[in-house]
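Per the working numbering, residue 34 is the first one in the sequence shown, and the count goes up by one each step.
Reviewing the structure listed below.
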Amino acid sequence: MSWRARWAALAVVLLPVFLISIDVTVLSISLPGISQDLHPSANELLWIVDSYSFVLACLLILMGKFGDSFGRLRLLIWGSVIFGAASVMSGFSTSAVMLIIGRALQGFGGATLMPSTLGIIRHIFQKRSERRLALALWSAAFSSGSAIGPLLGGILIEVANWRYVFFINVPIVIAFVVLAKLFVPESDREESERIDLLSPVVLIASIFALVLSFKLLIEDFALWQVGLLVVGAFGLALFWRRQYRVENPILDVDVVSEPTFRSATLINGIAYFITIGTLFFFPQYLMVVSGLSPIEAGLWALPMVVATILGALISPIFARKFRSNQLVALGLLTCGLGCLTVPLLVTVHFDPFFYFLCTFLIGLGIGFAEPLTNDTILSSAPDKEAGSVSAISETAYELGGALGTAVLGGVGMLAYRLSLSSREAGLGVSDQVLAEAKQTIGSAAVLAQPGNSTNPDLAWDLAKASFVDGQNAAMYLAGLAAFAAAIIALRGMRAELHLKLQDKLGTKPPQNSPDLR
Numbered sequence: 034m035s036w037r038a039r040w041a042a043l044a045v046v047l048l049p050v051f052l053i054s055i056d057v058t059v060l061s062i063s064l065p066g067i068s069q070d071l072h073p074s075a076n077e078l079l080w081i082v083d084s085y086s087f088v089l090a091c092l093l094i095l096m097g098k099f100g101d102s103f104g105r106l107r108l109l110i111w112g113s114v115i116f117g118a119a120s121v122m123s124g125f126s127t128s129a130v131m132l133i134i135g136r137a138l139q140g141f142g143g144a145t146l147m148p149s150t151l152g153i154i155r156h157i158f159q160k161r162s163e164r165r166l167a168l169a170l171w172s173a174a175f176s177s178g179s180a181i182g183p184l185l186g187g188i189l190i191e192v193a194n195w196r197y198v199f200f201i202n203v204p205i206v207i208a209f210v211v212l213a214k215l216f217v218p219e220s221d222r223e224e225s226e227r228i229d230l231l232s233p234v235v236l237i238a239s240i241f242a243l244v245l246s247f248k249l250l251i252e253d254f255a256l257w258q259v260g261l262l263v264v265g266a267f268g269l270a271l272f273w274r275r276q277y278r279v280e281n282p283i284l285d286v287d288v289v290s291e292p293t294f295r296s297a298t299l300i301n302g303i304a305y306f307i308t309i310g311t312l313f314f315f316p317q318y319l320m321v322v323s324g325l326s327p328i329e330a331g332l333w334a335l336p337m338v339v340a341t342i343l344g345a346l347i348s349p350i351f352a353r354k355f356r357s358n359q360l361v362a363l364g365l366l367t368c369g370l371g372c373l374t375v376p377l378l379v380t381v382h383f384d385p386f387f388y389f390l391c392t393f394l395i396g397l398g399i400g401f402a403e404p405l406t407n408d409t410i411l412s413s414a415p416d417k418e419a420g421s422v423s424a425i426s427e428t429a430y431e432l433g434g435a436l437g438t439a440v441l442g443g444v445g446m447l448a449y450r451l452s453l454s455s456r457e458a459g460l461g462v463s464d465q466v467l468a469e470a471k472q473t474i475g476s477a478a479v480l481a482q483p484g485n486s487t488n489p490d491l492a493w494d495l496a497k498a499s500f501v502d503g504q505n506a507a508m509y510l511a512g513l514a515a516f517a518a519a520i521i522a523l524r525g526m527r528a529e530l531h532l533k534l535q536d537k538l539g540t541k542p543p544q545n546s547p548d549l550r
């Protein structure tokens, strides 16, 4: 391919990357509107966010292997079509269950896109210098999409409604399919090998059991839910053991078993756990509690994203003089400090400076740590295994995001309901109205309606205070998770372990490795 053809193909391939990154953050702005229109329960609202990341995470590795045999471009096009059709279904949803199914189908389509784009880039750019630049642009497309997502969502909701957050995907998908046929070459297919289909089934069922049991336990304790938790844990152990026994495992256990790789991957998962968990609460706080418009809420999402990009840019500079594990720990401690300042500084009454400070610290810390953990991950395997390693890393991200919504969102919603129950005497509402108000802060708007409360203004103020209590509980847990990740970085990413890994795999860490996130 000529120089011009290669970079034209890259521009086209970046479209689905940009699309997926937008979809990760744009939904957060839509949650208040979804709550008011579809009236989901607290559990359903969590699944609306989670079903996408859950399906995406469980299928990434499998789809990466499938694309090698089926053809990455073919898989990319078919995945885009599925993603677009699922977006239409989500936009026309008439119930929370329908939207959950639509989001899950979006995750299925998205799982074909991420590994396919990286595989195509590696095929198009044979020169290492060009490939590094292409991967840097891939990372920039993902970061810029994440930054634009909340603002774009705010604009769409302001001029139309939350359904257009999904409809906007359709023209991008159509443009990509047409341009991909014209400019993107199909990559060489590897010799077809039998794909182990039972492993992803076991993985999906196990993770689903774990996430579902946790969400149900938050709402109401029952012994069978504990049994579901045990079944999920047993299923994961069975999945892990199977990877040692099958001829063509979907997970390279030799690489994953290395302490340095495992620690860096786990840290990435925790980082995304915190990111997605906070994005579940902050837009609702801005729009429902503080009364900001969707566009204003979208703009206030930018400091955290900009800080993440800033941290990613400056951490490689410090890495020239300091050890990576120390810098990663510093970034995670900064993130944890930001999480713990939210309960101290962010109240029902919106203060721009305090909100900016807290979210900036969270984003700066995560952005500072991620390039260094990604460099460790990419250095953990020779070039021929870089695609599989990237898929494993991406899976950790998405699983972390799914658990962030499940755990942080679940804990926060439980604390919200308990706080609202403790204020029941001051609400002056019937049991039916109180039960509806306990579902989500969007549903709690019923308290402000005339006739539903003896003092609507007071009842609504108490509901907003209860939501802040729930947000604070989630932020305390997020801060503890960040500090735990810092300990993992100091103990698990030690330089001598990294050197042992390089010696075993016969590879050296590339200079200035691109951040695939």
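The C-beta atom is built at its ideal place from N, Cα and C for all residues, glycine as well.
These figures come from a predicted structure and were not determined experimentally.
If only complete runs of 4 or more residues are kept, the segment 176 to 202 shows the alpha helix (DSSP H) at 197 to 200, in order along the chain. Around the CB of Phe-125, fewer than 16 other CB atoms lie within 10 Å, so the residue is classed as exposed. Secondary structure of Ser-323 (DSSP, three-state): coil. Cβ neighbours of Ala-75 within its own chain (closer than 7 Å, five residues either side excluded): Met-446, Gln-472 and Thr-473. For Ser-357, the closest C-alpha among the options Ile-53, Met-526, Thr-308 and Ala-208 is that of Met-526. Between Cys-368 and Ile-395, the C-beta gap is smaller than 8 Å, which places the two residues in contact. With a contact defined as Cβ atoms closer than 8 Å, Gly-398 and Leu-343 miss out at about 11 Å.
Boundaries of the alpha helix (DSSP H) around Lys-497: 489 to 525.
A Cβ-Cβ contact shorter than 8 Å links Phe-247 with Val-440. Residue state for Pro-218 is assigned as coil, using DSSP reduced to three classes.
Between the alpha carbons of Leu-60 and Pro-316 lies a gap of roughly 10 Å.
Between Leu-378 and the set Tyr-197, Gln-504 and Gly-143, the nearest pair of CA atoms involves Gln-504.
A Cβ-Cβ separation of about 6 Å places Pro-376 in contact with Met-508 under the 8 Å criterion. Cα atoms of Ala-340 and Phe-393: separation of roughly 6 Å, rounded to the nearest angstrom. Collapsing the DSSP output to three states places Ser-126 in coil.
By the 16-neighbour rule on beta-carbons within 10 angstroms, Gln-465 is exposed.
For Ala-477, there is no enclosing alpha helix (DSSP H), since its DSSP letter is neither H nor E. Rounded to the nearest whole angstrom, the C-alpha separation of Ala-448 and Phe-199 is 31 Å. Its chain contains Phe-383 as the residues whose beta carbon lies nearer than 6 Å to that of Ser-323, once the 5 sequence neighbours on both sides are disregarded; these appear in chain order. Distances from the CA of Tyr-277 to each of Val-263, Asp-229 and Leu-262 were compared; the closest alpha carbon is that of Asp-229. Apart from the 5 residues on each side of it in sequence, Phe-51 sits with its Cβ closer than 6 Å to the Cβ of Ala-174 and Gly-178 in its chain, given in chain order. Taking a C-beta distance under 8 Å as the contact criterion, Ile-240 and Gly-265 qualify as a contact pair. DSSP places Thr-150 within a helical segment (H, G or I) once states are collapsed to three. Assignment of Ser-463 by DSSP, reduced to helix, strand and coil, places it in the coil class. One thing to note: Pro-65 has its Cβ no nearer than 8 Å to the Cβ of Ala-129. Setting aside the 5 residues that flank it on each side, Leu-436 is surrounded in the same chain by Phe-306, each with a C-beta closer than 6 Å to its C-beta; the list follows chain order.
For Gln-359, the enclosing alpha helix (DSSP H) stretches over residues 357 to 378. In chain order, Ile-110 place their CB closer than 8 Å to the CB of Lys-214, counting only its own chain and leaving out the 5 sequence neighbours on each side. Taking a C-beta distance under 8 Å as the contact criterion, Ala-515 and Cys-372 qualify as a contact pair.
In the pairwise beta carbon analysis, the segment 456 to 465 is classified as touching the segment 479 to 490: at least three pairs are separated by under 8 Å. Here Arg-450 has Lys-471 as same chain residues with Cβ atoms under 6 Å from its own Cβ, once five neighbours each way along the sequence are excluded.
A residue is called buried once 16 or more other Cβ atoms fall within 10 Å of its Cβ, and Trp-195 is buried on that count. Excluding sequence positions up to five before and after Glu-191, its CB lies within less than 8 Å of the CB of Ser-326, Pro-327 and Ile-328, all in the same chain and listed in chain order.
About 7 Å separates the Cβ atoms of Val-235 and Arg-275, confirming a contact at the 8 Å cut-off. Under the DSSP assignment, Arg-450 falls in the alpha helix (DSSP H) whose first and last residues are 443 to 455.
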